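Undergrad: Mind looking over this structure? Questions follow.
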Amino acid sequence: MSDILQPATGTRVSPRLGANCPGVLLVLLAVLCLAISINSSRFYAIENITGILRQCALVLIIGSGMTLLLITAEVDLSVGASLAFAGVIAMDATNQTGSVWLGAPAGILFGGLVGLANGIIVTRFKVTSLIATIATMMILQGGVFLYSRQAIQNGSQLPAFSTISTGYFGPLPMPVLIAAIIFACTYVVLRHTLFGRYVYAVGANPYAARLSGLNPERLKLIVFVVTGLLTGLSGLILASLMNAGQPTAGHGFELTVIAAVILGGTSLKGGRGTLLGTLLGVLILQVINNGIIILGWDQELQLVVPGFVIVLAAYLDIVRRRDNVR
Amino acid sequence: MTRRLRLLFAGAAALAATVAPAHAARMPKKIGYVTNYATHEWYQNVIKGMKARAAQLGIVLEVRDANLDVNREVSATEDFMAEGVDVLIVTPVNEGIVPLVRRAKEEGIPLLLEGSPVKRMTAMVATCDYDTGYLAGIEAGHYTKSHLDGTARVMNVGLPLLSATVLRAHGFMDGLRAVVPGATLVNDIDGGGNPDTALAASAAALARNADINIIYGINDSSAQGGLQAWKASGRSQNNLLVVGTGGEGLGFIHAMNTEPAYRIEAAMFPEKEGFTAIDAAVRLFNKESVPQQIVSPSAAIVGADGWKKYYSVAGNVRTIKWDAVNRLTPPAKCMKITGGF
Chain A
16 MSDILQPATG
26 TRVSPRLGAN
36 CPGVLLVLLA
46 VLCLAISINS
56 SRFYAIENIT
66 GILRQCALVL
76 IIGSGMTLLL
86 ITAEVDLSVG
96 ASLAFAGVIA
106 MDATNQTGSV
116 WLGAPAGILF
126 GGLVGLANGI
136 IVTRFKVTSL
146 IATIATMMIL
156 QGGVFLYSRQ
166 AIQNGSQLPA
176 FSTISTGYFG
186 PLPMPVLIAA
196 IIFACTYVVL
206 RHTLFGRYVY
216 AVGANPYAAR
226 LSGLNPERLK
236 LIVFVVTGLL
246 TGLSGLILAS
256 LMNAGQPTAG
266 HGFELTVIAA
276 VILGGTSLKG
286 GRGTLLGTLL
296 GVLILQVINN
306 GIIILGWDQE
316 LQLVVPGFVI
326 VLAAYLDIVR
336 RRDNVR
Chain B
981 MTRRLRLLFA
991 GAAALAATVA
1001 PAHAARMPKK
1011 IGYVTNYATH
1021 EWYQNVIKGM
1031 KARAAQLGIV
1041 LEVRDANLDV
1051 NREVSATEDF
1061 MAEGVDVLIV
1071 TPVNEGIVPL
1081 VRRAKEEGIP
1091 LLLEGSPVKR
1101 MTAMVATCDY
1111 DTGYLAGIEA
1121 GHYTKSHLDG
1131 TARVMNVGLP
1141 LLSATVLRAH
1151 GFMDGLRAVV
1161 PGATLVNDID
1171 GGGNPDTALA
1181 ASAAALARNA
1191 DINIIYGIND
1201 SSAQGGLQAW
1211 KASGRSQNNL
1221 LVVGTGGEGL
1231 GFIHAMNTEP
1241 AYRIEAAMFP
1251 EKEGFTAIDA
1261 AVRLFNKESV
1271 PQQIVSPSAA
1281 IVGADGWKKY
1291 YSVAGNVRTI
1301 KWDAVNRLTP
1311 PAKCMKITGG
1321 F
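Chains as they are written, first to last, in the numbering used here: chain A, 16 to 341; chain B, 981 to 1321.
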């Protein structure tokens, strides 16, 4: 039980490769940054750093929720489709009401409702989350076109809507600030609250958690809703960034998010993972994406390279598990 | 006199009796259209144009979507063949439909392609991708001279996987260089044809080359993704020109209305392409001789209000101004087409 309630597996010191996940990722990130900057001085340009961070923000916001979800041994493959739909809802509601203060919550709430639906299907109907969220993804991908056959433009041209993505708070782009706040809150909840420990406990061994008086279904439902709300928030930011609700957006976004979380050391089998690892996973994938363009490489590598990185991450996860068994 | 008149009326009646049924018989009863991506605004408007023309001619038009999956496209087309449609129209996902083209020929079913060519095709309705880019490039050249001090440093937000979109970009650069010989293609990136991918790729490309002053998008989503990346980086639109391609939906109209830099649109009038496709399908059905590429017109729309010549907008619905679009004369032959055709 003490092992179950030990969230900080990623920080355990071990001489074996992969045992210290954030450390390895940090080194990998540093090597990547160094290698790219040696070949292109533009990599460290403020504009480029800001661009990378802005792209990271969208992934990190959803990635924070996805980390919780994967730790509970569940997954949500509908986040890409929900992201697009939430953006469309937010834009449409903003246009209809003429108010960002009504439109923005509508998009976030929509994401939350999708999360709630996923949670109910998984915890009440006992459908595995992989199947349930693939089904939800399909419903959302088709549903968004039933809702609107075309992109919903920022008809009311409210400056506040654009500010959500293009505004700055001091030197920080607004999406980066939002992502930082979300990350910090999730980090505190996961590391320093009873709820966070329950998340690990439920993911590591739901039967033991139930015997300890926890309600795994309720906890998973909450985590699904949180992930949904964060997806809605990301959808809102994306719609603001594109100045339109785009039904075609978000394709493959779920894979980017899950790849980053897995790369960060969160186990698909649950019970293990850190938000710090997720942050590093997000940064590594976005730096790779950015580096490929900055270096003028073939952009197909944006799919190929992360694929190899994920295989490596999965292997490191196996190594870590093997170490823990020993 | 009476006899002559009677003979004349009798002759006219006989002619009318012959012509009217023949005319009715020459019209296909049902046309099956397999599109490759019905949720895209471009294809929605192609379908809109097809439906309008089919309704005028009294033809039943049935549409099925391959959703970018060639297997799905093949089975949808085979279903139409089994149902016995009179003419097939297909927008190819890729060359995977070549065996179907052969089979349709063997079975005597007229098959018309829309948008992209494949080997062994009988006929295709499409705009000239290269020419469309070229026309926009010429206008961009004039704009460069009058607004950008004659300097053109271009970022192409492209889609290298599709030969048609590569042709557009080549056409644009050639047109631009015809007016501004020193125009440079600084960045040629893959925006995936989607706004969010285009935005992400453009953000990195803009950081790589800070001195870009023209963004060319191979479709409207790409152009808008590039522009949004520009805006997100905090730059002013003062010395920027954005050129979109397609005129797919409301997006370009909105951008021309609200974004100071979005000043040129290489419009390809999807409604007109759909309209032309139905007419071509009727000609194929009647075994008329048709050119291998039937060209649908395109035009460069310039300035904030340029779109109003061809479209009107009410709420979220745009309506094509057929008179203006029908006045456009498409070239008899494209300047350049996809390799092998």
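Note that beta-carbon positions come from the ideal geometry of N, C-alpha and C, so glycine has one too. The structure displayed is predicted, hence computed values, not measured ones.
Could you tell me the alpha carbon to alpha carbon distance between A:A199 and A:S177, rounded to whole angstroms?
TA: Counting from 1 along the first sequence, the entry for residue 199 of chain A is found at position 184. Counting from 1 along the first sequence, the entry for residue 177 of chain A is found at position 162. So the two alpha carbons sit approximately 24 Å from each other.
Undergrad: Using alpha carbons as the reference points, say which of B:E1053, B:V1293, B:L1230 lies closest to B:S1201.
TA: If you number the second sequence from 1, residue 1201 of chain B lands on position 221. Among B:E1053, B:V1293, B:L1230, the Cα nearest to that of B:S1201 belongs to B:L1230.
Undergrad: Determine contact between the stretch 212-223 of chain A and the stretch 58-70 of chain A, defined as no fewer than three beta-carbon pairs at a distance below 8 Å.
TA: Too few Cβ pairs lie closer than 8 Å, so no.
Undergrad: To the nearest angstrom, how far is it from the Cα of A:L47 to the Cα of A:G322?
TA: Against the first sequence, residue 47 of chain A aligns to sequence position 32. Against the first sequence, residue 322 of chain A aligns to sequence position 307. Roughly 16 Å between the two C-alpha positions.
Undergrad: Flag this pair as touching only if the stretch 1275-1293 of chain B and the stretch 1016-1027 of chain B have three or more C-beta atom pairs under 8 Å; answer yes or no.
TA: Taking 8 Å as the limit for Cβ pairs, the verdict is that the stretch 1016-1027 of chain B does not touch the stretch 1275-1293 of chain B.
Undergrad: Between the C-alpha atoms of A:A275 and A:K284, what's the straight-line distance to the nearest angstrom?
TA: To locate residue 275 of chain A, count along the first sequence from 1; it is residue 260. To locate residue 284 of chain A, count along the first sequence from 1; it is residue 269. Roughly 16 Å separates the two Cα atoms.
Undergrad: If you check the beta carbons only, do B:G1151 and B:G1117 fall under 8 Å apart?
TA: Sequence index remark: in the second sequence, residue 1151 of chain B carries index 171 (1-based). Sequence index remark: in the second sequence, residue 1117 of chain B carries index 137 (1-based). Yes, the Cβ-Cβ distance between B:G1151 and B:G1117 is below 8 Å.
Undergrad: Three-state secondary structure (DSSP) at B:S1292?
TA: The residue you call residue 1292 of chain B lines up with position 312 of the second sequence. Here B:S1292 sits in strand by DSSP.
Undergrad: Using only the alpha-carbon positions, how far apart do B:Y1017 and B:D1049 sit?
TA: As a first step, residue 1017 of chain B is located in the second sequence; it is residue number 37 there, counting from the start. As a first step, residue 1049 of chain B is located in the second sequence; it is residue number 69 there, counting from the start. Answer to the nearest angstrom: the Cα atoms are 9 Å apart.
Undergrad: Tell me the DSSP secondary structure of A:A259 in three-state form.
TA: To locate residue 259 of chain A, count along the first sequence from 1; it is residue 244. It is a strand residue.
Undergrad: Can you tell which of A:V320, A:V326, A:T151, A:V94 has the C-alpha that lies nearest to the C-alpha of A:L251?
TA: By 1-based counting over the first sequence, the position of residue 251 of chain A is 236. Considering only alpha carbons, the answer is A:V94.
Undergrad: Could you confirm whether any beta carbon from chain B is found closer than 8 Å to the beta carbon of A:S180?
TA: Within the first sequence, residue 180 of chain A is the residue found at index 165, counting from 1. So, interface residue.
Undergrad: What does A:I309 reach in chain B if we use C-beta pairs closer than 9 Å?
TA: What you label residue 309 of chain A is simply residue 294 of the first sequence in a count that begins at 1. Residues of chain B passing the Cβ test: A1184, A1185, A1187, R1188.
Undergrad: I need the DSSP call for A:A60, collapsed to helix, strand or coil.
TA: Working through the first sequence from its first residue, we reach residue 60 of chain A at position 45. Here A:A60 sits in coil by DSSP.
Undergrad: Could you give the uninterrupted runs of the alpha helix (DSSP H) lying entirely in the stretch 1040-1089 of chain B, keeping only those of 4 residues or more?
TA: The stretch 1040-1089 of chain B contains these whole alpha helix (DSSP H) runs: 1050-1063, 1078-1087.
Undergrad: So is B:E1042 in contact with chain A if we call contact Cβ pairs under 8 Å?
TA: The residue you call residue 1042 of chain B lines up with position 62 of the second sequence. No, its Cβ sits nowhere closer than 8 Å to a Cβ of chain A.
Undergrad: State the beta-bridge partners of A:E232 as determined by DSSP.
TA: Locating residue 232 of chain A in the first sequence gives position 217, counting from the first residue. According to DSSP, which records beta bridges pairwise, A:E232 is partnered with nothing at all.
Undergrad: Could you run through the stretch 1017-1039 of chain B and flag, in chain order, every residue whose CB is less than 8 Å away from some CB of chain A?
TA: The stretch 1017-1039 of chain B vs chain A, Cβ under 8 Å: T1019, H1020, E1021, Q1024.
Undergrad: Could you check what DSSP says for B:R1243 in three-state terms: helix, strand or coil?
TA: In the second sequence, counting from the first residue as 1, residue 1243 of chain B sits at position 263. Note: B:R1243 maps to strand in three-state DSSP.
Undergrad: The alpha helix (DSSP H) that contains B:K1028, what's its start and end?
TA: On the second sequence, position 48 is the one that residue 1028 of chain B refers to. Run containing B:K1028: 1021-1037, per the alpha helix (DSSP H) assignment.
Undergrad: Is the Cβ-Cβ distance between A:L278 and A:P37 less than 8 Å?
TA: Working through the first sequence from its first residue, we reach residue 278 of chain A at position 263. Working through the first sequence from its first residue, we reach residue 37 of chain A at position 22. Taking 8 Å as the Cβ cut-off, A:L278 and A:P37 do not qualify as a contacting pair.
Undergrad: For the stretch 248-263 of chain A, list every residue whose C-beta sits within 9 Å of some C-beta in chain B, in sequence order.
TA: Hits within the stretch, in order: L253, L256, M257, N258, A259, Q261, P262, T263.
Undergrad: Distance, Cα to Cα, B:L1264 vs A:I76?
TA: Reading the second sequence from its first residue, position 284 is the one you call residue 1264 of chain B. Reading the first sequence from its first residue, position 61 is the one you call residue 76 of chain A. If I take the Cα positions, the gap works out to 55 Å.
Undergrad: Is the CB-CB distance between B:M1185 and B:G1205 below 8 Å?
TA: Within the second sequence, residue 1185 of chain B is the residue found at index 205, counting from 1. Within the second sequence, residue 1205 of chain B is the residue found at index 225, counting from 1. According to the sequence displayed, residue 1185 of chain B carries Ala and not Met. Their beta carbons are not under 8 Å apart, which means B:A1185 does not touch B:G1205 by this criterion.
Undergrad: If the criterion is Cβ atoms closer than 8 Å, does the pair B:D1066 and B:I1011 meet it?
TA: In the second sequence, the residue the question calls residue 1066 of chain B occupies position 86. In the second sequence, the residue the question calls residue 1011 of chain B occupies position 31. Yes, the Cβ-Cβ distance between B:D1066 and B:I1011 is below 8 Å.
Undergrad: Along the stretch 1216-1240 of chain B, what residues have a CB closer than 7 Å to any CB found in chain A?
TA: Residues passing the 7 Å Cβ filter: G1229, L1230, G1231, H1234, T1238.
Undergrad: Per DSSP, B:Y1013 forms a beta bridge with which residues?
TA: What you label residue 1013 of chain B is simply residue 33 of the second sequence in a count that begins at 1. Answer is B:V1043, B:I1069, bridged to B:Y1013.
Undergrad: Taking only the alpha-carbon atoms, compute the straight-line gap between B:K1313 and B:M1061 and give it to the nearest angstrom.
TA: Indexing the second sequence from 1 puts residue 1313 of chain B at position 333. Indexing the second sequence from 1 puts residue 1061 of chain B at position 81. Going from the Cα of B:K1313 to the Cα of B:M1061 covers about 31 Å.
Undergrad: Is the stretch 123-137 of chain A touching the stretch 238-256 of chain A, taking contact as three or more C-beta pairs under 8 Å?
TA: The stretch 123-137 of chain A vs the stretch 238-256 of chain A: in contact.
Undergrad: Strictly below 7 Å CB to CB, what residues from chain B border A:A224?
TA: One-based indexing of the first sequence puts residue 224 of chain A at position 209. Ordered by position in chain B, no residue passes the 7 Å Cβ test against A:A224, which lies about 38 Å from the chain.
Undergrad: Could you check where the alpha helix (DSSP H) with A:M153 kicks off and where it finishes?
TA: Taking the first sequence and counting its residues from 1, the one referred to as residue 153 of chain A is at position 138. Run containing A:M153: 144-162, per the alpha helix (DSSP H) assignment.
Undergrad: Verify whether the separation of the beta carbon atoms of A:L310 and A:N110 is less than 8 Å.
TA: Here residue 310 of chain A refers to the residue found at position 295 when the first sequence is read from its first residue. Here residue 110 of chain A refers to the residue found at position 95 when the first sequence is read from its first residue. No, these two residues do not count as a Cβ contact at 8 Å.
Undergrad: Return the CA-CA distance between A:R335 and A:T87, expressed in angstroms with no decimal places.
TA: Walking along the first sequence from the start, residue 335 of chain A turns up at place 320. Walking along the first sequence from the start, residue 87 of chain A turns up at place 72. When rounded, the distance between both Cα atoms is 18 Å.
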